[in-house]
Amino acid sequence: MKKNYRKPATFRLLSMLMVSVLFGSAAATADIVSDWNAIAVNTAVANKQNPFAQARYAAIVQLAVFEAVNAITGEYQPYLGTITAPPSASADAAAIQAAYHVLNFYFGPSATLDAQYANSIGQISNSQAKIDGIATGDAAASAMISLRANDGSSPPQFKVPGPVVPGEWQATPNCSPAGGIAFQWQNVIPFGIQSASSFLLGPPPALTSNEYAKTYNEVMTVGSVNSTERPQDRSNVALFYAAASPTQAFNQAAVQVAEQQGVSLSVNAHVLALVNMAISDSLVASFFNKYHYNLWRPETAIHAGETDGNPRTEADPNYVPFITTPCFPSYPSNHGSAANAAAEVLRRIYGEAAHSITLTNPTVPSIVLQYTSFKQITDDISDARVYGGIHFRTDQEAGADLGRAVGTAVYKNNLRPVHDDD
């Protein structure tokens, strides 16, 4: 059921005027929760975290922020349930402190982060409310850090490829001698689902099937580095989503829609917590499926097309994908899983369409993508991985199914409104 979180127009206008007074021309987001969401995502990227770690850190930050804000506002069922705060405490100060504390713990010391914190917290007048808010943020951050201290995300583990067998994953050229990366990620403790094993997909198409031949020939035709069948707009989305992780893309989208909807600080903290829980959990479930089915990548499959027992799959030993193949099995798509999980949460809260979303990434500054619905984003991500030459279309379809299921479970079973009308 779609929630109506829109504020009255006069209140939205007054809020925007107050934000412009407080933050000047630098204010380009809905509120302080959005500001620190961007800082959190950018900090993880700047510290060269892979997309799975980005998702985990973003979920920890946003849950700490949510728990701190919600301890003051009390609109939702808590995540931890151990944080208390005076109702007069500053929710802004609590959000700032929670985000900064988590980021400083994982990525400090950092002059950039310290400066961002000083600027942000300095906008709030000194008062008991500010003191109480800071204390609440610290408590929420400490509790989240403690909760995730031994969640299985480290130490890194690797998948050593087995014998060369048709359909079985083999190391691709970008792999290190250690083997497939993030082998441990399938065992990371989820944030909002009971277990990754509860989301086991059906198997990928049999190598001898017509469905496999169809998806094989599609990626071979449009995904080669020298393909003449890939339109420029599909090259653009392939390059963009090779640079932009699901955490980067969907936090941008969530913040922009929140601003357009004029949601409150509390609602924004709630939505961003759910979105980032869903992204992270979908990646855990995706890795569970990847290493369960251990399907070869198109790059390997196309080189060995004569070995798969399918007369409709002609081999191309010179095939090179348009973008670099990640070093782990193919089925399902991580990007597809995470994107669809985030999109499912957002559409349940804000509705599917009638939005205005602009996605950018500094790594590919010449590519700017415009969307009016969440499905348009997930459709582009599906194309991006196929036209990029690194996934079969069936990997994307399976990832979409997995992501929607995880997103639904996270939304339905976590952080419910105190007065739930679903």
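Heads up: the sequence shown runs through residues 13 to 434, numbered per our numbering.
Glycine residues also receive a C-beta, built at the ideal position from the N, C-alpha and C atoms.
- Rounded to whole angstroms, the Cβ separation of Lys-387 and Glu-356 is 10 Å, and the two are not in contact under 8 Å.
- Taking the CA atoms as reference points, Thr-420 sits about 8 Å from Ala-353.
- Annotation: the region 224 to 278 contains the following complete segments of the alpha helix (DSSP H) (minimum length 4 residues), in chain order: 244 to 255, 258 to 273.
- The Cβ-Cβ distance between His-367 and Gln-272 falls below 9 Å.
- Tyr-383: member of the beta strand (DSSP E) spanning 381 to 383, first to last residue.
- DSSP, reduced to helix, strand and coil, places Leu-414 within a helical segment of the structure shown.
- Judged by DSSP secondary structure, Thr-370 falls outside any alpha helix (DSSP H) and instead within the beta strand (DSSP E) spanning 369 to 371.
- Taking the CA atoms as reference points, Pro-168 sits about 44 Å from Ser-100.
- Glu-364 sits in coil when the DSSP states are folded into three classes, being neither helix nor strand.
- Residue environment analysis places Val-430 among the exposed positions, since fewer than 16 neighbouring C-beta atoms fall within 10 angstroms of its C-beta.
- The count of Cβ pairs closer than 8 Å, one atom from the region 170 to 188 and one from the region 331 to 346, reaches three, so the stretches are in contact.
- A contact is defined here as three or more CB-CB pairs under 8 Å, and the region 144 to 154 meets this definition with respect to the region 107 to 127.
- With respect to the C-alpha of Asp-328, the residue from Tyr-383, Pro-310, Lys-142, Gly-321 having the closest C-alpha is Pro-310.
- Just measuring C-alpha positions, the residue of Tyr-129, Ser-209, Ala-50 sitting nearest Asn-288 is Ala-50.
- The beta-bridge partner set that DSSP reports for Glu-180 consists of Leu-307.
- Our two residues, Val-172 and His-315, have alpha carbons roughly 20 Å apart in a direct line.
- Relative to the Cα of Asn-138, the nearest Cα in the group Ala-127, Ser-102, Gln-128 belongs to Ser-102.
- Taking a contact to require three or more Cβ pairs closer than 8 Å, the region 317 to 328 and the region 382 to 396 do not qualify as touching.
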